[in-house]
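Visitor: Here this note's numbering is used: position 217 in the sequence shown is 235, and no number is missing along the way.
Sending over a structure as structure tokens; questions will come in a sec.
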Amino acid sequence: MLPATYNTTTTLNHGLRLNGSAGYQISDGRILISLDGIASDCAQDNLSGTLRIELWALTQPYQGGDFSGIALAGTQIGELYGQHWLPDCRYDLLFDQPPSGEWHLCLMLREWDGGAFVTRDFINFDHTYQVEPVVMAGVDAEEEQPVSEAAPVVVSIDSRRRTVEQKEPAALKKAGKEKTTLAAVSVNHASEKELAAIKGVSRKLAATMVAGRPYESLDDLIRLKGFGKKSLEKVRSALML
């Protein structure tokens with residue numbers, strides 16, 4: 019692994035933050051994102067909205083506020099009570115290769131505020147991610163190739179941030195430690211590609227799921243053509259609203 023380097027960004031002061039060090043490793047169309055923890059500094063009786071971890075490719079390092087970029091990977095991770103944290107997070111996700119160019123990668127913690135997901139904290143990775151256009155002999159079209167990622171990239175958040183006292187993940191709602199490796203996929207927000215990656219969900223069924231949104235409960239899925247109660251029970255554990 020590359021040695022840890024300190025990140026120059028600071029939290030957006032919304033009570034939710036990425037804690038400790040973070041890194042990623044890309045291989046065979048997938049990305050493994052690792053985080054020391056996700057913490058809430060809010061009041062103990064406060065429950066966050068649904069949270070997401072997202073990796074974005076941007077033309078400039080993110081500094082907060084509105085942004086424009088390309089979403090490379092992401093997943094929903096449930097909700098988090100105040101004064102608790104979700105430790106040792108590992109997310110094995112599908113990776114969408116960006117177009118050719120030099121990209122600044124930013125890992126974002128985003129929260130559903132009732133109308134949209136908004137950024138609560140972020141990490142700008144110090145090393146840019148480059149995708150070089152390669153022209154094959156006798157072929158006019160460009161094929162985009164990523165720079166080799168032989169080792170994971172690692173950054174750390176400024177250690178001056180206050181650390182929330184560690185408590186057992188049993189105090190979390192929908193964000194238990196057992197879900198940190200294989201997070202459930204949202205039937206209301208996930209892409210067709212993410213849904214089709216679930217064992218038991220075909221590409222055609224994933225497209226039907228997307229077309230049938232929104233769903234008030236997972237049981238609403240049985241109204242989809244070719245998807246009955248037995249089919250739902252086989253994949254229920256991999257789905258969430």
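All residues carry an ideal CB built from backbone N, CA and C; glycine is no exception.
Note that this is a predicted model, so its numbers are computed, not measured.
What's the gap between the Cα of F252 and the Cα of E129?
Guide: In the sequence as presented, Phe is not what sits at residue 252; that position holds Lys. If you take the alpha carbons of K252 and E129, they lie about 29 Å apart.
Visitor: In angstroms, rounded to a whole number, what distance separates the CA positions of Q184 and W103?
Guide: With a pLDDT of 36 at Q184, under the threshold of 50, the modelled position of this residue cannot be trusted; read the value that follows with caution. The straight-line gap from Cα to Cα measures roughly 7 Å.
Visitor: Should G96 and T68 be called a contact, given that it needs their Cβ atoms to be closer than 8 Å?
Guide: yes
Visitor: Return yes when the C-beta of D110 is under 7 Å from any heavy atom of the ligand MG, and no when it is not.
Guide: For the structure depicted, the ligand MG is absent and the ligand set is empty, with no information on it obtainable.
Visitor: According to DSSP, N142 sits in a beta bridge with which residue or residues?
Guide: C124
Visitor: What's the call for D139, buried or exposed, on a 16-neighbour Cβ count within 10 Å?
Guide: buried
Visitor: In three-state terms, what does DSSP make of R254?
Guide: Helix.
Visitor: Would a C-beta distance cut-off of 8 Å place A40 and L53 closer than the cut-off?
Guide: yes
Visitor: If you draw a straight line from the alpha carbon of D63 to that of L127, how long is it in whole angstroms?
Guide: 21 Å
Visitor: Can you say whether A134 is buried or exposed, counting buried as having 16 or more other CB atoms within 10 angstroms of its CB?
Guide: exposed
Visitor: Pop quiz: A89 and L123 are said to be a contact at Cβ under 8 Å. What is the actual Cβ separation, rounded to whole angstroms?
Guide: About 11 Å separates the two Cβ atoms, so there is no contact after all.
Visitor: Shortest alpha-carbon distance to G82 belongs to which of R241, I141 and D114?
Guide: I141
Visitor: Tell me which residues share the same chain as A256 and place their Cβ nearer than 7 Å to its Cβ, disregarding the 5 neighbours each side in the sequence.
Guide: A202, V203 and I216
Visitor: By how many angstroms is the C-alpha of D131 removed from the C-alpha of L98?
Guide: 14 Å
Visitor: From the DSSP output, which residues share a beta bridge with R231?
Guide: Beta-bridge pairing links R231 to no other residue.
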